[in-house]
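Worksheet: one structure, shown below.
Residue numbers (the numbering used here): 14 to 174.
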């Protein structure tokens with residue numbers, strides 16, 4: 014999910030939430046927990062099953078990282094970097110994205126990778142003092158994220174008051 018909001022300085026925002034199939038598979042934890050408590054009391058088993066199922070799904074959604082471009086910065090999870098320190102974003106999909114997440118992954122790179130999300134964007138870091146050579150970020154809309162990064166690189170930042 015991406016949005017643009019001029020008032021808050023957010024140019025792009027996406028939450029990397031799990032896919033629907035993954036959430037359905039995680040919800041199966043509820044019936045499994047209910048089976049454990051079924052031998053004691055069926056009412057308690059149903060309550061425990063519902064709480065566990067809802068809790069696991071809620072934790073997966075609430076714990077999902079987000080990717081944003083705001084106030085001239087790329088924010089990926091808890092990390093952020095000024096867009097002026099980044100090079101040209103490279104959009105990767107299909108086999109290229111699988112290789113970037115796997116065999117071609119630089120251990121020095123900053124990566125925010127999520128399973129079930131095919132698109133990946135690779136952005137070189139131009140800051141020579143930064144030990145991280147590249148950022149690799151999963152995204153459902155790599156073309157929009159790349160455009161937002163390019164926009165942040167050419168748009169002058171307004172000083173904060």
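Ideal Cβ positions, reconstructed from N, Cα and C, are used throughout, including at glycine.
**OP:** Give a yes or no on whether the C-beta atoms belonging to residue 165 and residue 85 are separated by under 8 Å.
**Re:** One-based indexing of the chain shown puts residue 165 at position 152. One-based indexing of the chain shown puts residue 85 at position 72. For the pair residue 165 and residue 85, the CB atoms are nearer than the 8 Å cut-off.
Original post:
The alpha helix (DSSP H) spanning residue 156 covers which residue range?
Top reply: In the chain shown, the residue the question calls residue 156 occupies position 143. Unbroken alpha helix (DSSP H) run through residue 156: 155 to 167.
Original post:
In the structure shown, what three-state DSSP assignment does residue 28 receive?
Top reply: Along the chain shown, one-based indexing puts residue 28 at 15. Per DSSP, reduced to three states, the secondary structure at residue 28 is strand.
Subject >> DSSP three-state assignment for residue 125, whether helix, strand or coil >> reply: Working through the chain shown from its first residue, we reach residue 125 at position 112. Judged by DSSP in its simplified three-state form, residue 125 adopts strand.
Original post:
Taking the C-alpha atoms as reference points, what is the distance between residue 42 and residue 61?
Top reply: In the chain shown, counting from the first residue as 1, residue 42 sits at position 29. In the chain shown, counting from the first residue as 1, residue 61 sits at position 48. Put simply, the backbone Cα of residue 42 is about 10 Å away from that of residue 61.
Original post:
Should residue 151 and residue 135 be called a contact, given that it needs their Cβ atoms to be closer than 8 Å?
Top reply: Stepping through the chain shown from its first residue, residue 151 is reached at position 138. Stepping through the chain shown from its first residue, residue 135 is reached at position 122. No; because the gap between Cβ atoms is not below 8 Å, this pair is not in contact.
Subject >> Through-space distance from residue 114 to residue 16, alpha-carbon basis >> reply: Your numbering for residue 16 matches position 3 in the chain shown. Your numbering for residue 114 matches position 101 in the chain shown. Any reading at residue 16 is ruled out, since the residue's pLDDT is 46, under 50, leaving its predicted position unreliable.
Original post:
Smallest Cα separation from residue 101: which of 155, 80, 28?
Top reply: On the chain shown, position 88 is the one that residue 101 refers to. With distances taken between CA atoms, residue 101 lies nearest to 155 out of 155, 80, 28.
**OP:** Return the chain-ordered ranges of every beta strand (DSSP E) run that is complete within the region 48 to 111 and spans a minimum of 3 residues.
**Re:** Taking only runs of at least 3 residues, the beta strand (DSSP E) segments lying wholly in the region 48 to 111 are 79 to 83, 86 to 89, 92 to 95, 103 to 105.
Subject >> alpha helix (DSSP H) segment containing residue 41, residue limits >> reply: Taking the chain shown and counting its residues from 1, the one referred to as residue 41 is at position 28. Membership of residue 41 in any alpha helix (DSSP H) is not indicated, and neither H nor E is assigned to it by DSSP.
**OP:** Check whether the Cβ atoms of residue 110 and residue 147 sit closer than 8 Å, and answer yes or no.
**Re:** As a first step, residue 110 is located in the chain shown; it is residue number 97 there, counting from the start. As a first step, residue 147 is located in the chain shown; it is residue number 134 there, counting from the start. The answer is no: Cβ separation not under 8 Å.
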